[in-house]
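First comes the structure, then the notes that go with it.
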Amino acid sequence: MSSEPQAAAGPASHDDAVIAPPRIGINERLLTILVPIIMLGLAILGWHLLVTLNNIPKYILPGPQLVFQTLWSDMPVLFPALLVTLRITFSALGLAVLVGVLFAVLLIQSKWIELALYPFAVILQVTPIVAIAPLILIYAPSTQIALLIVAFLVAFFPILSNMVQGLKSVDHNLLNLFDLYGASRWKQLIYLRLPASMPYFMTGLRIGGGLSLIAAVVAEFAAGSAGAGSGLAFRLLEAGFRLNYARLYAALILLTLTGVAIFGVTSFVSWLVLHRWHESAVRREN
Amino acid sequence: MTLEVASHKTASAAVPSAARAVVSMRGISKVFSNGTLALSNMSLDVRRGEFLSLLGPSGCGKSTALRIIAGLGAPSSGTIDWPSSTINAKGLPQGDIGFVFQDPTLMPWQTVFGNVYLPLRLAGVSKRDATERITETLSLVGLDDFAQSYPRELSGGMKMRVSIARALVTKPKLLLMDEPFAALDEITRQKLNDDVLRLWRQSGITVIFVTHSVFESAYLSNRIVVMRARPGQVFADLPIDTAAVRDEEYRTSEEYRATCAVVSRTLHDAIHSAEVRQ
Numbered sequence: 454m455s456s457e458p459q460a461a462a463g464p465a466s467h468d469d470a471v472i473a474p475p476r477i478g479i480n481e482r483l484l485t486i487l488v489p490i491i492m493l494g495l496a497i498l499g500w501h502l503l504v505t506l507n508n509i510p511k512y513i514l515p516g517p518q519l520v521f522q523t524l525w526s527d528m529p530v531l532f533p534a535l536l537v538t539l540r541i542t543f544s545a546l547g548l549a550v551l552v553g554v555l556f557a558v559l560l561i562q563s564k565w566i567e568l569a570l571y572p573f574a575v576i577l578q579v580t581p582i583v584a585i586a587p588l589i590l591i592y593a594p595s596t597q598i599a600l601l602i603v604a605f606l607v608a609f610f611p612i613l614s615n616m617v618q619g620l621k622s623v624d625h626n627l628l629n630l631f632d633l634y635g636a637s638r639w640k641q642l643i644y645l646r647l648p649a650s651m652p653y654f655m656t657g658l659r660i661g662g663g664l665s666l667i668a669a670v671v672a673e674f675a676a677g678s679a680g681a682g683s684g685l686a687f688r689l690l691e692a693g694f695r696l697n698y699a700r701l702y703a704a705l706i707l708l709t710l711t712g713v714a715i716f717g718v719t720s721f722v723s724w725l726v727l728h729r730w731h732e733s734a735v736r737r738e739n
Numbered sequence: 011m012t013l014e015v016a017s018h019k020t021a022s023a024a025v026p027s028a029a030r031a032v033v034s035m036r037g038i039s040k041v042f043s044n045g046t047l048a049l050s051n052m053s054l055d056v057r058r059g060e061f062l063s064l065l066g067p068s069g070c071g072k073s074t075a076l077r078i079i080a081g082l083g084a085p086s087s088g089t090i091d092w093p094s095s096t097i098n099a100k101g102l103p104q105g106d107i108g109f110v111f112q113d114p115t116l117m118p119w120q121t122v123f124g125n126v127y128l129p130l131r132l133a134g135v136s137k138r139d140a141t142e143r144i145t146e147t148l149s150l151v152g153l154d155d156f157a158q159s160y161p162r163e164l165s166g167g168m169k170m171r172v173s174i175a176r177a178l179v180t181k182p183k184l185l186l187m188d189e190p191f192a193a194l195d196e197i198t199r200q201k202l203n204d205d206v207l208r209l210w211r212q213s214g215i216t217v218i219f220v221t222h223s224v225f226e227s228a229y230l231s232n233r234i235v236v237m238r239a240r241p242g243q244v245f246a247d248l249p250i251d252t253a254a255v256r257d258e259e260y261r262t263s264e265e266y267r268a269t270c271a272v273v274s275r276t277l278h279d280a281i282h283s284a285e286v287r288q
């Protein structure tokens, strides 16, 4: 009965009710978070059941409970090692961003500079880093610097090549417009080329971020045989030699979490920079 | 050599009209690196306050001519004079030219405000000093409420308006438009044509408008230069002398129909003459 007067208010209000904008339901949002968590939980449960039902000894495959216990109890050993690995990873990434961007800006200045220098970047990229890591260990003044160089070399190229591509992919008419207004090369770089290359840079950053962690671990593996360094990868190797697989798995979990965190942070930075204007970061309206 | 001699002759003959010119092209030729002769010995005086259309089939060099005037690519031979402007080191009248491309050519990472600010920013004007001028220009093209929008949030016609506002924000003497509305639908295009005419009447700016539409050129211009292709040359110079106010009524008038007929016939002759020469 009470709805009758409302209906009588006119067809307009009726239409408004019908064409309310679509909403993303709370249920859907909750599911976006819950589904990955539930799947992860199920995988851990499967791991647990596999170990307990088959009575697998812990020196072959430790169960999740033991691994998490070890993660907690071995924190005094693992946490400082994590910090070492993180320091190398982020120093390498920061250096790769700085050098990659500056080198890319240098390369696009002239075709001849690019022809002269780009081959070196390609050679560094295609040479398997594991193969030259021992050499770098010999030549570098300290192990830490050697690790940094290896991680840097790996993270550098994706940032460089994406950045070069981005700096070149500027709308030609916008370049014409800058010429028309007599803009200097510096202003062209600051106001046009750098902002236009942001989507490419962000791709390079996401790839480089993941690779710098992987490269830091690989470098530690290589250096580990020389007996120096106490990064997470070295602890992982050490635990393997001692058949302490619970600690090995705990170290592995820390490394994975670090990788996920790096991916999350770089993706978030990318979203922050691009979400107002770039199609890749804008919600499609359909 | 022969080209140069010829251009000198025309230059001396055209001195009286050149004096009133905003820009004056003398014997301009352009050969592209692939050997195509895009423009051959083109001479043209653009008079102050004129709405001049360059009309012709594709490949007739009308866009090339416009770009050469704007200093985007030097001519292979010939000279360009700016009788009433101060010239910078590149031989261009700095700040006196506005250019509107066929695409809106906006920076997607900048707001409408930021895009219109660009020419002033490049000229070293601070944001605070530029704000009033930008707001003024945006309201001139009817975009008062969209200063903080991003280009991707605007329709095609609105993006074009931003592009026009950006060209006008430096208060140029000469507005160059390179088929600006070719990609728009007919209704939006008519609306923008009316807006451009209004801006032209209000500001007294000189416009060179490149188009391949007979109807558009006949509606807008008071002078139509018809061009011929292969090689690009001036084929005919048609004054459009009409006192009529160009508006909705004019679109259906007998006078407009007659103008369109003359322009259309001339364009046809231009195309035909190029084919005969082939």
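Note that the protein sequences, when read in sequence, are chains B and C. Residues in the first sequence are numbered from 454 upward in steps of one, following the working numbering. Residues in the second sequence are numbered from 11 upward in steps of one, following the working numbering. Built from N, CA and C at the ideal position, the CB exists for glycine as well. Here the structure is a predicted model, which means the values were calculated and not measured.
For residue i, would you say it is in contact with chain C, using Cβ-to-Cβ distances shorter than 9 Å as the test?
i              : result
residue 639(B) : no
residue 679(B) : Confidence at residue 679(B) is low in this model, with a pLDDT of 46, below 50, so the placement of that residue should be treated as unreliable; the coordinate-derived value is given next. Output row for residue 679(B): interface = no.
residue 721(B) : no
residue 642(B) : no
residue 630(B) : yes
residue 645(B) : yes
Starting from the beta carbon of residue i, find every residue of chain C whose beta carbon is closer than 9 Å, and list them in chain order.
i              : result
residue 527(B) : Under the 9 Å cutoff, chain C gives no residues; its nearest Cβ is about 47 Å from residue 527(B).
For chain B, is any of its Cβ atoms less than 9 Å away from the one on residue i?
i              : result
residue 138(C) : no
residue 115(C) : yes
residue 27(C)  : Reliability fails at residue 27(C), whose pLDDT of 48 lies under 50, so the model's placement of it is uncertain and the value that follows must be treated cautiously. With 9 Å as the cut-off, residue 27(C) does not count as an interface residue toward chain B.
residue 238(C) : no
residue 71(C)  : no
residue 85(C)  : no
residue 80(C)  : yes
residue 143(C) : no
residue 128(C) : yes
residue 111(C) : yes
residue 77(C)  : yes
residue 270(C) : no
residue 284(C) : no
How would you list, in chain order, the residues of chain B whose beta-carbon sits under 8 Å from the beta-carbon of residue i?
i              : result
residue 119(C) : 648, 649, 651, 729, 730, 731
residue 107(C) : 633
Which chain C residues are close to residue i, counting only those with a beta carbon under 7 Å from its beta carbon?
i              : result
residue 725(B) : Under the 7 Å cutoff, chain C gives no residues; its nearest Cβ is about 13 Å from residue 725(B).
residue 548(B) : Result: empty, since nearest Cβ-Cβ is about 27 Å, beyond 7 Å.
residue 627(B) : 115, 117
Please report the straight-line C-alpha distance between residue i and residue j, rounded to a whole angstrom.
i              : j              : result
residue 584(B) : residue 85(C)  : 55 Å
residue 537(B) : residue 598(B) : 12 Å
residue 527(B) : residue 687(B) : 15 Å
residue 600(B) : residue 676(B) : 8 Å
residue 246(C) : residue 145(C) : 41 Å
residue 690(B) : residue 165(C) : 59 Å
residue 279(C) : residue 566(B) : 51 Å
residue 43(C)  : residue 72(C)  : 18 Å
residue 505(B) : residue 521(B) : 16 Å
residue 160(C) : residue 124(C) : 9 Å
residue 495(B) : residue 657(B) : 34 Å
residue 130(C) : residue 55(C)  : 29 Å
residue 152(C) : residue 263(C) : 28 Å
Should residue i be counted as a contact of the ligand ADP given a C-beta to heavy atom distance under 8 Å?
i              : result
residue 600(B) : Among the ligands in the structure shown, none appear at all, so the ligand ADP cannot be discussed.
Exposed or buried, which one is residue i when buried takes at least 16 other CB atoms within 10 Å?
i              : result
residue 529(B) : exposed
residue 22(C)  : The predicted model places residue 22(C) with a pLDDT of 38, which falls under 50 and marks its position as unreliable; any figure quoted below should be read in that light. Exposed, since its Cβ has fewer than 16 Cβ neighbours within 10 Å.
residue 243(C) : buried
residue 137(C) : exposed
residue 52(C)  : buried
residue 715(B) : buried
residue 68(C)  : exposed
residue 697(B) : buried
residue 661(B) : buried
Inset, instruction - Anything in the region 606-621 of chain B with a Cβ closer than 7 Å to a Cβ of chain C? List those residues in chain order, please. - result: Cβ contacts with chain C: none found.
Legend entry - Against chain B: residues of the region 149-166 of chain C by CB proximity under 9 Å: Closer than 9 Å at the C-beta level to chain B, one finds these residues of the region 149-166 of chain C: 160, 161, 162.
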